[in-house]
Amino acid sequence: AMVMVDPEGRIEIVNEQTERLFGYTRAELLGSKIELLLPKRLSKTHVAHRSKFFADPQTRPMGFGLSLFGRRKDGVEFPVDISLSPVETAKGSYAVAAIRDITERRRSEDTLRKVDERFRDLVESSPDGMVIINAAGVIQQVNGQAEMLFGYGRGELLGKAIEMLLPERFRAVHVGHRSRYLARPQPRPMGAGLELFGRRKDGSEFPVDISLTPLQSPEGGLGVAHVRDVTARKRSERELLLAHLVRAQEEERLRIASDIHDDTIQAITAAGLRLQLLRRQLTDEKQLETLKKLEDTVQLAIQRLRNLMFDLRPPALERDGLAAAVRTYLDQLQVDSGIVGKLESKLSEEPPLETRAILFRIIQESLTNVRKHSKANTVKVRLETAEGGYGGSVEDDGVGFEVDQVQPRAGHLGLAAMRERAEMARGRLELTSIVGSGTKLRFWVPRDAGLMPEAALTR
Numbered sequence: 001a002m003v004m005v006d007p008e009g010r011i012e013i014v015n016e017q018t019e020r021l022f023g024y025t026r027a028e029l030l031g032s033k034i035e036l037l038l039p040k041r042l043s044k045t046h047v048a049h050r051s052k053f054f055a056d057p058q059t060r061p062m063g064f065g066l067s068l069f070g071r072r073k074d075g076v077e078f079p080v081d082i083s084l085s086p087v088e089t090a091k092g093s094y095a096v097a098a099i100r101d102i103t104e105r106r107r108s109e110d111t112l113r114k115v116d117e118r119f120r121d122l123v124e125s126s127p128d129g130m131v132i133i134n135a136a137g138v139i140q141q142v143n144g145q146a147e148m149l150f151g152y153g154r155g156e157l158l159g160k161a162i163e164m165l166l167p168e169r170f171r172a173v174h175v176g177h178r179s180r181y182l183a184r185p186q187p188r189p190m191g192a193g194l195e196l197f198g199r200r201k202d203g204s205e206f207p208v209d210i211s212l213t214p215l216q217s218p219e220g221g222l223g224v225a226h227v228r229d230v231t232a233r234k235r236s237e238r239e240l241l242l243a244h245l246v247r248a249q250e251e252e253r254l255r256i257a258s259d260i261h262d263d264t265i266q267a268i269t270a271a272g273l274r275l276q277l278l279r280r281q282l283t284d285e286k287q288l289e290t291l292k293k294l295e296d297t298v299q300l301a302i303q304r305l306r307n308l309m310f311d312l313r314p315p316a317l318e319r320d321g322l323a324a325a326v327r328t329y330l331d332q333l334q335v336d337s338g339i340v341g342k343l344e345s346k347l348s349e350e351p352p353l354e355t356r357a358i359l360f361r362i363i364q365e366s367l368t369n370v371r372k373h374s375k376a377n378t379v380k381v382r383l384e385t386a387e388g389g390y391g392g393s394v395e396d397d398g399v400g401f402e403v404d405q406v407q408p409r410a411g412h413l414g415l416a417a418m419r420e421r422a423e424m425a426r427g428r429l430e431l432t433s434i435v436g437s438g439t440k441l442r443f444w445v446p447r448d449a450g451l452m453p454e455a456a457l458t459r
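Residue numbers (this note's numbering): 1 to 459.
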């Protein structure tokens, strides 16, 4: 709509669009004050603004940065954009107002704003960390979960490269991956089949799953990364794997022990009986002496196999309980090495069989280390019921060592094995040692340590 007014604000010329827009006829408009087309609440202030325009006439938008409204003949108000231009004629100075109805534009803007608000609410309510980046990899928006996940405040993240949230060793290669994704964006998981890690503000790393989603905006294409901390899931997967491995190991130990008892020992025992029969047929002293050595070798082999059977699956562990199995092992340790073993049991109940096996293997491995490395005279094993599980210690009076200097090498693999068992059992293991004063291993596992993790959760 085009409206021309004089310095007094009287309407001199209008076009047809003005009539249609405001609902007045040309006759009703000509000679009327321009304030007729404004909401009444704005009429007084508009008079002052009109006077200022004529005092310094120049082409410009009216009410820059303000929301402007027109008023139709029926009293209905509607949003408008107005541009002002000065016009000089033989009759004097005039102002031409170009008026545009922006109702539809405002409606679209309101809709977009509501959509944007809903989108922000969706982003903020997401259980995952959400990081939105532009085509240059610069962070445009994050949600509260991302702040908690990475330890940064929103102000520390916005405007920074997304690579700040990655471990340094991955940053250079990630730039190329990011560029290729944004060149051909599509919803997909990031790094399928790979182990992904995020990096917190404090420098700590944690395993993550990341899903990527493209997003179009007026500023161009964006990428949305949905980041989920999977530390707990990875821990559960590791516990489950270790539980399967240990259970398979125990089953294999039992199978081998049974095979040794039912097959190997029986065969060697039969050979020993044949040697005894042969003795009755010999009279030569030299031959009898040789036969005696063979019989001794057979008995030694049988004894070693029985010791191996005990190491693999001590019968007392199932039949008589943990304390009895440890007592038997300590007795054998004294026979083999001369190290005096002492046992103090404060168990108020017998652990479940699988938990019993885990505890025995930790103690067994610790006592093996004592025999091989400690040069101890005595070793004391303590068992107790504590904190909803079972704990204890193995303490020797040997030479001790520097704990920090022990690496998983030949002769020290047992320490790693014990630690693995404790982790699998969702328990803990603490080793202390003083050079010249001996070594102490403390351990604890929960009551359901022998169960698979998913079974333990249902108890």
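Here a beta-carbon is modelled for each residue, glycine too, at the ideal position from N, C-alpha and C. Since we're looking at a predicted model, the values are computed, not measured.
The straight-line gap separating the alpha-carbon atoms of His46 and Ala97 is approximately 13 Å. As computed with DSSP, Met2 is found in a beta bridge with Ala98.
Listed in chain order, the non-local C-beta contacts of Ala301 below 7 Å within the same chain comprise Ile268, local neighbours out to five positions each way being set aside. By the neighbour-count criterion, in which a residue is buried when 16 or more other Cβ atoms sit within 10 angstroms of its Cβ, Ile162 is buried. The three-state secondary structure of Tyr181, taken from DSSP, is helix. If you ignore the 5 residues before and after Tyr24, its C-beta comes within less than 6 Å of the C-beta of Lys73, all in its own chain and listed in chain order. Secondary structure remark: continuous alpha helix (DSSP H) runs of at least 4 residues inside the region 29-109, in chain order: 43-55. Sequence-distant partners of Tyr94 (beyond 5 residues in either direction) whose C-beta falls short of 7 Å from its own C-beta, in its chain, are Met4, Val5, Asp6, Glu12, Val87.
DSSP places Ile265 inside the alpha helix (DSSP H), whose first and last residues are 265-281. Secondary structure at Thr25: coil, using DSSP grouped into helix, strand and coil. At a Cβ-Cβ threshold of 8 Å, Gly198 and Val227 count as neighbours. If you ignore the 5 residues before and after Gly144, its C-beta comes within less than 7 Å of the C-beta of Glu124, all in its own chain and listed in chain order. Going by beta carbons, Tyr329 and Leu359 fall outside the 8 Å limit. Following the DSSP letters along the chain, one finds Val340 in no alpha helix (DSSP H) but inside the beta strand (DSSP E) bounded by residues 340-346. Under the DSSP definition of a beta bridge, Ala386 partners with Gly389.
Along the length of the region 296-356, whole beta strand (DSSP E) runs at least 3 residues long occupy 340-346, reported in chain order. Looking at the DSSP output, Lys440 shares a beta bridge with Glu395, Thr432.
Taking 8 Å as the upper bound for CB-CB distance, Ala376 and Ile339 are in contact here, some 6 Å apart. With contact defined as three or more Cβ pairs closer than 8 Å, the region 180-195 and the region 150-167 are not in contact. DSSP links His226 through a beta bridge to Met130, Ser211. In this structure, Val445 keeps its C-beta atom at 8 Å or more from the C-beta atom of Ala416.
Of the other Cβ atoms in all chains shown, fewer than 16 fall within 10 Å of the Cβ of Phe64; this residue is therefore exposed. Take the alpha-carbon of Leu288 and the one of Leu245: they are about 50 Å apart.
Residue state for Lys286 is assigned as helix, using DSSP reduced to three classes.
Gln17 carries a helical assignment under DSSP once its states are collapsed to helix, strand and coil. Less than 8 Å divides the Cβ of Arg188 from the Cβ of Leu212.
The three-state secondary structure of Gly221, taken from DSSP, is strand. Leu333 sits close to Leu367, with the two beta carbons spaced by under 8 Å. Per the coordinates, the alpha-carbon of Pro185 lies some 13 Å from the alpha-carbon of Gly137.
Annotation: Ala183 to Leu158 spans about 22 Å, alpha carbon to alpha carbon. The continuous alpha helix (DSSP H) containing Arg154 extends over residues 154-157.
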